[in-house]
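Chemist: Numbering (this note's numbering), first residue to last: 12 to 126.
A single structure is presented below for examination.
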């Protein structure tokens, strides 16, 4: 099975998810999203396929999320997506895509749902 992981090698959960993919025999394409950020359309499509909102895909504990007002009630999906494009560190990770679907793999065992 082929899999794409939107990966941050500095993140323990992302590394563990990558290990699960490799141990499962997946042919993994690693996209370090901080170096090669997804476009706004790619993000929207990934979140739609995962069945989550951009707000659910927001790494809210990043200081820039608070600075930009993204943690306030009523923030729109468009505001979150626009901020993620400008500041990829706001994208919660890892996101994994396979032929069986897309998941935000927090915790890392969520990846098993699409293997």
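Glycine is no exception: its CB is placed at the ideal position from the N, C-alpha and C atoms.
Please work out which residues of its chain come closer than 7 Å, Cβ to Cβ, to residue 103, disregarding the five sequence neighbours upstream and downstream, and give them in chain order.
Modeler: Taking the chain shown and counting its residues from 1, one reaches residue 103 at position 92. Excluding positions up to five away in sequence, the list reads 68, 69, 70, 115, 117.
Chemist: Please determine, among 65, 77, 14, 46, the residue with the shortest C-alpha to C-alpha distance to residue 88.
Modeler: The residue given as residue 88 occupies position 77 in the chain shown. Per the Cα distances, 65.
Chemist: Near residue 51, what residues of its chain come up, given a Cβ to Cβ distance below 6 Å and the 5 sequence neighbours on each side ignored?
Modeler: Taking the chain shown and counting its residues from 1, the one referred to as residue 51 is at position 40. Counting only Cβ-Cβ distances below 6 Å, and skipping sequence neighbours, we find 92, 96.
Chemist: Is it the case that the Cβ atoms of residue 124 and residue 57 are separated by a distance below 8 Å?
Modeler: The residue labelled residue 124 in the question sits at position 113 within the chain shown. The residue labelled residue 57 in the question sits at position 46 within the chain shown. Going by C-beta atoms, residue 124 is not nearer than 8 Å to residue 57.
Chemist: Is the Cβ-Cβ distance between residue 6 and residue 41 less than 8 Å?
Modeler: Limits of the chain in this structure are 12 at one end and 126 at the other, which puts residue 6 out of reach.
Chemist: Return the chain-ordered list of same chain residues with a C-beta closer than 6 Å to the C-beta of residue 121, the five sequence neighbours on each side being excluded.
Modeler: By one-based count along the chain shown, residue 121 stands at place 110. For residue 121, where only same-chain residues beyond five positions count, the Cβ hits under 6 Å are 114.
Chemist: Output the residue ranges of the beta strand (DSSP E) runs that lie fully inside the segment 30-90 and measure 3 residues or longer, sorted by chain position.
Modeler: Within the segment 30-90, the complete beta strand (DSSP E) runs of at least 3 residues are 38-43.
Chemist: DSSP three-state call for residue 114: helix, strand or coil?
Modeler: Looking up residue 114 in the chain shown gives position 103. Strand, per DSSP.
Chemist: Mind checking whether residue 43 and residue 18 have CB atoms under 8 Å apart?
Modeler: Against the chain shown, residue 43 aligns to sequence position 32. Against the chain shown, residue 18 aligns to sequence position 7. In contact: residue 43 and residue 18 (Cβ atoms closer than 8 Å).
Chemist: For residue 106, which residues in the same chain have their Cβ closer than 6 Å to its Cβ, ignoring the five residues on either side in sequence?
Modeler: By 1-based counting over the chain shown, the position of residue 106 is 95. Excluding sequence neighbours, residue 106 sits near 17, 57, 115.
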